[in-house]
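Peer 1: One structure follows; several queries about it will come next.
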Amino acid sequence: MTTEVHPAAPHHLPFFLPGPDGSDPLLIVAGLTLIAAIVAFGLIFLRLHTLPERMAHRGQKLQFEIVAVLGLLALFTHIHAFWVAGLLLALIDIPDFTGPMRRIAGSTEKIAGFPPGAGDTTEGPPRSRGPAHPSDDETARRHAAHHGQDA
């Protein structure tokens, strides 16, 4: 066997041809590129998929939880309507109903003479504080006295 190159063979082989040891550099580069592309696509998909949750994170806790559940349903069922509903819900600012209701309840407790938070409990018998309005007899007596009539 001779180690001379055949006169018809090129003296320089391109890099993408496998070497004499069987290693294929182009296949290795293509495999690494494919793995990197799949990972990049997955990261972009997950970033897009969590868009409603990231948008609703600035809002109220209840709104965030509903959007997160819709996102999980969309992820596991592959029904895109859940994702769209979560995105729309994240875009809408839900008004805060609990704050005004707490203020109304606190004012009502103050008017009724309860200490703050005492109206929340249902333990024990209701307190007897007397009638909230004067009785009908008392109203009639006041009316007659006001108009100068004898009752």
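The opening position of the sequence shown corresponds to residue 1 in full-length UniProt numbering, with each subsequent residue numbered one higher.
Backbone N, C-alpha and C fix where the C-beta goes; we use that ideal spot for every residue, glycine too.
Leaving out five residues on either side along the sequence, give the residues of the same chain with a beta carbon under 8 Å from the beta carbon of A151.
Peer 2: By one-based count along the sequence shown, residue 151 stands at place 151. In this prediction, A151 has a pLDDT of 47, which is less than 50 and means its spatial position is unreliable; nothing more can be read from the coordinates.
Peer 1: Report yes if the C-beta of T33 is less than 7 Å from at least one heavy atom of the ligand ZN; otherwise report no.
Peer 2: Only the bare structure without any ligand can be found here, which leaves the ligand ZN out of the picture.
Peer 1: How is E53 classed by DSSP in three states: helix, strand or coil?
Peer 2: Within the sequence shown, residue 53 is the residue found at index 53, counting from 1. Reduced to three states, the DSSP call for E53 is helix.
Peer 1: Out of A74, L34, P95 and L75, point me to the one whose CA is closest to Q63's CA.
Peer 2: Translated into the one-based positions of the sequence shown, residue 63 becomes position 63. Residue P95 is the option with its Cα nearest to Q63.
Peer 1: Use the C-beta contact count for L70: other C-beta atoms within 10 angstroms, 16 or more gives buried, fewer gives exposed.
Peer 2: The sequence position of residue 70 within the sequence shown is 70, counting from 1. Classification for L70: buried.
Peer 1: Would the stretch 49-59 and the stretch 17-31 be scored as touching if the rule is three or more Cβ pairs under 8 Å?
Peer 2: Contact fails: fewer than three Cβ-Cβ distances are below 8 Å.
Peer 1: I'd like to know whether the C-beta atoms of F82 and A90 end up nearer to each other than 8 Å.
Peer 2: Position 82 of the sequence shown, counted from the start, is the residue given in the question as residue 82. Position 90 of the sequence shown, counted from the start, is the residue given in the question as residue 90. Contact flag unset, no.
Peer 1: Does the separation of the CB atoms of residue 156 and V67 fall below 8 Å?
Peer 2: Given that the chain is displayed from residue 1 to residue 151, the structure contains no residue 156 and the question cannot be resolved.
Peer 1: Let's see if you can read the secondary structure: which residues bound the alpha helix (DSSP H) around G106?
Peer 2: As a working mapping, residue 106 is identified with position 106 in the sequence shown. Counting along the chain, the alpha helix (DSSP H) containing G106 begins and ends at T98 to A112.
Peer 1: Am I right that L32 and F16 are in contact with their C-beta atoms under 8 Å? What's the rounded C-beta distance?
Peer 2: The sequence position of residue 32 within the sequence shown is 32, counting from 1. The sequence position of residue 16 within the sequence shown is 16, counting from 1. Incorrect: roughly 15 Å between the Cβ atoms, too far for contact.
Peer 1: Quick check on DSSP: helix, strand or coil for Q60?
Peer 2: Along the sequence shown, one-based indexing puts residue 60 at 60. Correct three-state label for Q60: coil.
Peer 1: When you compare only the Cα positions, how much space is there between A36 and F45?
Peer 2: The residue you call residue 36 lines up with position 36 of the sequence shown. The residue you call residue 45 lines up with position 45 of the sequence shown. Straight-line Cα distance between these residues: approximately 14 Å.
Peer 1: What residue from K110, V5, L72 and P52 has the CA that sits closest to D93's CA?
Peer 2: Here residue 93 corresponds to residue number 93 of the sequence shown, with the count starting at 1. Comparing Cα-Cα distances from D93 to each of K110, V5, L72 and P52, the minimum goes to P52.
Peer 1: Suppose the cutoff is 7 Å on Cβ atoms and the five residues either side in sequence are ignored; what does the same chain contact list for K110 look like?
Peer 2: To locate residue 110, count along the sequence shown from 1; it is residue 110. Hits under 7 Å: none found.
Peer 1: Where do the ends of the alpha helix (DSSP H) carrying A9 lie?
Peer 2: Position 9 of the sequence shown, counting from 1, holds the residue named residue 9. Note, A9: premise wrong, no alpha helix (DSSP H); not H, not E.
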